[in-house]
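K.L.:
Number of protein chains: 2
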Amino acid sequence: MKKIATVTCCSPGAPPLRAKEFEDLSSRFKALSDPTRLAIVNRLASVGDTCVCEFNSLGLSQPTISHHLRILREAGLIEVAHKRKTWVFYRLVPEAVEALAFALGGAPQPELVLATAEGTVAR
Amino acid sequence: MKKIATVTCCSPGAPPLRAKEFEDLSSRFKALSDPTRLAIVNRLASVGDTCVCEFNSLGLSQPTISHHLRILREAGLIEVAHKRKTWVFYRLVPEAVEALAFALGGAPQPELVLATAEGTVAR
DNA sequence: TCCTTTCATCGAAGGATGTCGATGCAACGC
DNA sequence: GCGTTGCATCGACATCCTTCGATGAAAGGA
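Chains as they are written, first to last, in my numbering: chain A, 1 to 123; chain B, 1001 to 1123.
1) Establish whether the CB of Val88 of chain A and some CB of chain B are separated by less than 8 Å.
2) For a contact defined as C-beta to C-beta under 8 Å, what are the partners of Pro1012 of chain B on chain A?
3) Report the three-state DSSP secondary structure of His1047 of chain B (helix, strand or coil).
4) Pick helix, strand or coil for Cys1009 of chain B, following the three-state DSSP scheme.
5) Could you tell me the distance, in whole angstroms, from the CA atom of Gln62 of chain A to the CA atom of Glu74 of chain A?
6) Going by C-alpha to C-alpha distance, which of B:Phe1029, B:Gly1059, B:Ala1019 and B:Leu1038 sits closest to Leu1069 of chain B?
7) Where does Leu1058 of chain B fall in DSSP's three states?
8) Please list the partners that Asn42 of chain A has in chain B, where partner means a Cβ-to-Cβ separation under 8 Å.
9) Leaving aside the five residues before and after Val1093 of chain B along the sequence, list all residues of the same chain whose C-beta is less than 7 Å from its C-beta, in chain order.
10) Just tell me which of B:Glu1095, B:Ala1107, B:Ser1027 and B:Asp1049 has its CA closest to the CA of Ala1081 of chain B.
11) Against chain B, does Ala115 of chain A count as a neighbour if the rule is that its beta carbon must be under 8 Å from one of theirs?
12) For the region 40–56 of chain A against the region 13–23 of chain A, are there 3 or more C-beta pairs whose distance is under 8 Å?
13) Please classify Lys20 of chain A as buried or exposed, where buried requires at least 16 neighbouring CB atoms within 10 angstroms.
14) Answer yes or no: do Ala101 of chain A and Gly1059 of chain B have a C-beta to C-beta separation smaller than 8 Å?
What follows is the structure in structure tokens.
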């Protein structure tokens, strides 16, 4: 679990950063650099908390799914929501995704600025 | 050079995406998953157009720098700004970075929503 | 207690990635 | 034309990453 970056990096006007910040940021981008892991994150973002067993629909072996969940978990992007019986449910960590969007120059949160107006977000 | 994604992926409320979109997005995140490449992008974002020769301050060999520039170029994140004599100057492609921020749930552009209000960006 | 279910971890194999020296190549200046 | 400078490409090597089967471990149910 790493601390969440709060600096812009890659957007015009960003301040020059230090080597350590490049390490931290790149390690989190690396967590999103695999299509399987993006599919997992997208599932958690769109559907909500999801049981690990649901991810076998991705067509990969169970250890492989577990491996990707571990990488996303260690990057701080997801976390265990709760456990019921032998099931484990994961959930998204919105602040972590938000921090990455901010590093890329995106506004912190549309809702904080203009309520949830779908019409204004899409162009 | 790939088309720039315009969909949200990893933010709460994002729609379920298709396999091809995970491939496209992850390949661009992969371009940002290396600290050297983040340093290059940060340089272009903060200082502006930069000659390739400036990047030898990163302490890597010239072929290695050229390799990373190629990856960023093929991801559409940077491009050749102009050439003078034997120098090659690279520039950032803000729309590409913006599209990635949007995929992570960041607002398309702060200016488009609420002008540049520093007070609201920092928390 | 014993078995089943679910998930995490381990170890190994194959492919991808970062790095370098050597080489190629285009733009100058002489 | 000839040498120099700056950058891209090539080939090679070490390392990392993705994937799998096998195994371990915890929670229940019979």
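Just so you know, even glycine gets a beta-carbon here, dropped at the ideal spot from N, CA and C. Everything numeric in this text was worked out from a predicted model, so none of it was measured.
P.N.:
Taking the coordinates as given:
1) Counting from 1 along the first sequence, the entry for residue 88 of chain A is found at position 88. Not one chain B Cβ lies under 8 Å of Val88 of chain A.
2) The residue labelled residue 1012 of chain B in the question sits at position 12 within the second sequence. For the C-beta of Pro1012 of chain B, the chain A residues within less than 8 Å are, from N- to C-terminus, Ala45, Leu92 and Pro94.
3) By one-based count along the second sequence, residue 1047 of chain B stands at place 47. For clarity, residue 1047 of chain B is Val in the given sequence; the question names His instead. Three-state DSSP puts Val1047 of chain B in coil, outside helix and strand.
4) Walking along the second sequence from the start, residue 1009 of chain B turns up at place 9. Under the three-state reduction of DSSP output, Cys1009 of chain B falls in the coil class, being neither helix nor strand.
5) What you label residue 62 of chain A is simply residue 62 of the first sequence in a count that begins at 1. What you label residue 74 of chain A is simply residue 74 of the first sequence in a count that begins at 1. Approximately 18 Å, taken between the alpha carbons.
6) On the second sequence, position 69 is the one that residue 1069 of chain B refers to. Leu1069 of chain B has its Cα closest to that of B:Leu1038, out of B:Phe1029, B:Gly1059, B:Ala1019 and B:Leu1038.
7) Along the second sequence, read from residue 1 onward, the residue named residue 1058 of chain B stands at position 58. Helix at Leu1058 of chain B.
8) Here residue 42 of chain A refers to the residue found at position 42 of the first sequence. Taking a Cβ-Cβ threshold of 8 Å, the residues of chain B close to Asn42 of chain A are Cys1009, Cys1010, Ala1014, Pro1016, Leu1017 and Phe1022, in chain order.
9) Residue mapping note: residue 1093 of chain B aligns to position 93 of the second sequence, counting from 1. Take Val1093 of chain B, set aside five residues on each side of it, and the residues of its chain with a beta-carbon closer than 7 Å to its own are Gly1076, Leu1077, Ile1078 and Glu1079, in chain order.
10) Along the second sequence, read from residue 1 onward, the residue named residue 1081 of chain B stands at position 81. Per the Cα distances, B:Asp1049.
11) What you label residue 115 of chain A is simply residue 115 of the first sequence in a count that begins at 1. Confidence in Ala115 of chain A is poor, its pLDDT being 34 and thus under 50, which makes the residue's placement too unreliable to answer from.
12) Counting C-beta pairs closer than 8 Å gives fewer than three between the region 40–56 of chain A and the region 13–23 of chain A, which falls short of the contact rule.
13) Reading the first sequence from its first residue, position 20 is the one you call residue 20 of chain A. With fewer than 16 other Cβ atoms within 10 Å, it is exposed.
14) Taking the first sequence and counting its residues from 1, one reaches residue 101 of chain A at position 101. Taking the second sequence and counting its residues from 1, one reaches residue 1059 of chain B at position 59. Contact: no.
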